[in-house]
Each structure stands twice: as structure tokens, then as C-alpha cells.
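*Asks:*
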Amino acid sequence: MSTGQRNYLSLGARVGAAALPLIFFAGLAYAQVEGQPTPGGIGLPATVTEVGRETQTFYNALLLPIITFIALSVLGLLLYVCWRYNEQANPVPSKLTHHTGLEIVWTLIPILILVVISIPSFRILTHQVEIPESKITIKVTGNQWYWSYKYPEDQGGGFGFDQLMKPEAELKEGEPRLLAVDNEALVPVNEVVKLQITAADVIHSFVIPAFGVRMDAVPGRLNETWFKAEKEGVYYGQCSKICGKDHAFMPMAIRVVSREKYDEWLAEAKKKFAAAGSPARLAASE
Ligand SMILES: [Cu+2]
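If you're matching positions, the sequence shown starts at 1214 in the working numbering and goes up one per residue.
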């Protein structure tokens, strides 16, 4: 075996070794706990809704390959220019300033890429905002710096409550720091939940990555979206609009449970929160 070949092999081995952590982290990504971030996690978090899966496929199968291709092509071009057109290799530089053909190409190609991206993107957006028939409506209001929820009376609710981040000293075993809350909002599994989202003071943003839900909470405006969680568990999110000093400390937590447990909780919560404040009434959802 020649020295050249051996060098080539050792280069291959080095590249392989460098790729190992990537493979390791990719493995971790698949082992992520649903509903909350995992140490060492990479890639998008696990999702439990159809819309969530659509957005992830869109990102992993289309956006990521396109951006990787663009980044590598630009890097390749840069390296080629450094090598081919440096002062020694190219002592007499070209004086060319315009090339109509080239300008048309570098305008058209990005436009075509954006058109290709926009088609599946608008399809997912439509899916996110076209709300299927739902029996459950929850109104979520962003406040500086907590969320409040209202469950309408005609759906077995008639109460509202505030959801505040739990201080670290009060965390129970297994509860994630900066994400766990005092009052979790419950929803039943495999049922369409319509969310009405607004804010009381400044713009907040209601985001639950595992549901593929992201919707701005704007004062004076009622935004709507929906989700249908397919798996029981607790799913966390964080406000995603810079909304003031405690922006980072207003997480949301939604617990997905069976229909029976949900009905039990409704009855309990009705007593608990009715005692705490006035019952919530929502504008009747269609
Ligand atoms: Cu906020």
C-alpha cells in the first residue's frame, strides 16, 4: 500500500470519527422524552399530532436538505475562488463587472427554491388554522408573565385559572425546572381541542412544540388554532415572543389524559376554581 493510499485511509478514518458524535446525537434525538427537552437532544422534539408530524417532515425532508446543499455549495465556491483566483494563480484579474446571464440565473434560482418551499408550507399553514369540528374550546390568555385558561360552561367547564411557573424549591420528582407549572391544563386524548388565544397586556406567543402549535397571543385579537394529541402525557411549551423581564419564566403545561379522567378533573376543577374566583364564560363556540 502506497503512502498516498494510507493517508487517504487515515483521512477517511478521521472523517468517520468526526461523524460518530453526530450519529450518537441523532440516536439521542430519537430517544427524546415527548413533551419536554432532553439533555443532549438534537433536532426537533418528538411530536404527538398530525400537524406536528407534517411540520417535522417538511423541515427534515425539504428545508434541511436545501439549506445543507446551499451552505455546502457556497463553501465549495469560496474554497474554489481562494484556490483558483489568488494572486499567485491569477496575477492579472478580470475587469468584468456585469454578466446578464449570470444575474438572471442567480435571481431565478432562489425564486424557484422559494416557490418549491412555499407549496408544502402553505398546505401545512392551512391545516394549522382550518379547525376541524371540535367539542372542546379552551381560551388561553397571555399575561405578564403567566398564562390563564378558561373552560367554557357549556362543555362541562365554567371555570378559569392561572398557570404560573413552579419555583425550583417546589418541584416534585421528575418535574422539569423552568417548565413545570402550578396548575396544569387538562385535555382528553384523541379529541380535537380548539384553542382561542389572546393576550391581556403585550404580545405573547403560545407554543407547544410536541403539538405543532405556535400562535401569537395579541391583545385585542382572538387567534384560533387546534390540536389533537394522540398520546397521554404532559407537554410543555414556553412563551415565544419577547414580552418583558420574565418572558423566560412563563411556561405552559398541558396534560393529555383519558376522557374519563378529563371528566373527573372537570368536575373537581369546577369546585376548586369556582371557589377561587368568578366562573369563566366564553362566547359560545359555533
Ligand atoms: Cu410572554
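Using N, Cα and C, we set each Cβ at its ideal position, and we do this for glycine too.
Quick one: is the Cβ of G1425 within less than 7 Å of any heavy atom of ligand 1?
*Replies:* If you number the sequence shown from 1, residue 1425 lands on position 212. No - ligand 1 has no heavy atom lying nearer than 7 Å to the Cβ of G1425.
*Asks:* Name, in chain order, the residues that DSSP records as bridge partners for T1268.
*Replies:* Reading the sequence shown from its first residue, position 55 is the one you call residue 1268. Paired residue(s): none; T1268 is not in a bridge.
*Asks:* Considering only their Cβ atoms, is the gap separating S1361 from T1350 smaller than 8 Å?
*Replies:* Numbered from 1 along the sequence shown, position 137 holds the residue referred to as residue 1350. Numbered from 1 along the sequence shown, position 148 holds the residue referred to as residue 1361. No, these two residues do not count as a Cβ contact at 8 Å.
*Asks:* Name the two residues that bound the continuous alpha helix (DSSP H) containing F1282.
*Replies:* To locate residue 1282, count along the sequence shown from 1; it is residue 69. Element bounds for F1282: L1277 to R1297.
*Asks:* My output table needs one value for P1304: the three-state DSSP class, helix, strand or coil.
*Replies:* Taking the first residue of the sequence shown as 1, we reach residue 1304 at position 91. If DSSP states are grouped into helix, strand and coil, P1304 belongs with coil.
*Asks:* Looking at C-alpha atoms only, which residue of V1415, L1325 and E1343 is the closest neighbour of V1406?
*Replies:* For the purposes of this step, residue 1406 is identified with residue 193 of the sequence shown, where counting begins at 1. For V1406, the nearest C-alpha among the options comes from E1343.
*Asks:* Could you tell me how far apart the beta carbons of F1424 and T1262 are, in whole angstroms, since I believe they sit closer than 8 Å?
*Replies:* On the sequence shown, position 211 is the one that residue 1424 refers to. On the sequence shown, position 49 is the one that residue 1262 refers to. Rounded, the Cβ-Cβ distance is 5 Å, consistent with contact.
*Asks:* Compute the Euclidean distance between the alpha carbons of R1297 and L1325, then round it to the nearest angstrom.
*Replies:* Taking the sequence shown and counting its residues from 1, one reaches residue 1297 at position 84. Taking the sequence shown and counting its residues from 1, one reaches residue 1325 at position 112. Each residue's alpha carbon lies about 30 Å from the other.
*Asks:* Which same chain residues, not among the five before or five after S1334, have their C-beta less than 8 Å away from its C-beta?
*Replies:* Looking up residue 1334 in the sequence shown gives position 121. Excluding positions up to five away in sequence, the list reads F1271.
*Asks:* I'd like to know if the region 1446–1461 and the region 1355–1375 are in contact, where contact means that at least 3 CB-CB pairs between them fall below 8 Å.
*Replies:* Yes, the region 1446–1461 is in contact with the region 1355–1375.
*Asks:* Nearest to S1347 by alpha carbon, out of N1396, W1319, P1304 and L1408?
*Replies:* For the purposes of this step, residue 1347 is taken as the residue at position 134 of the sequence shown. S1347 has its Cα closest to that of L1408, out of N1396, W1319, P1304 and L1408.
*Asks:* Is I1330 closer than 8 Å to L1399 when the C-beta atoms are compared?
*Replies:* Your numbering for residue 1399 matches position 186 in the sequence shown. Your numbering for residue 1330 matches position 117 in the sequence shown. No. Outside cutoff.
*Asks:* Please classify F1282: is it buried, with 16 or more other beta-carbons within 10 angstroms of its beta-carbon, or exposed?
*Replies:* One-based indexing of the sequence shown puts residue 1282 at position 69. Label assigned to F1282: exposed.
*Asks:* Write down every uninterrupted run of the beta strand (DSSP E) in the region 1392–1465 whose length is 3 residues or greater and which is fully enclosed by it, in chain order.
*Replies:* Segments of the beta strand (DSSP E) lying fully in the region 1392–1465: 1398–1401, 1406–1412, 1417–1421, 1426–1430, 1436–1440 and 1446–1451.
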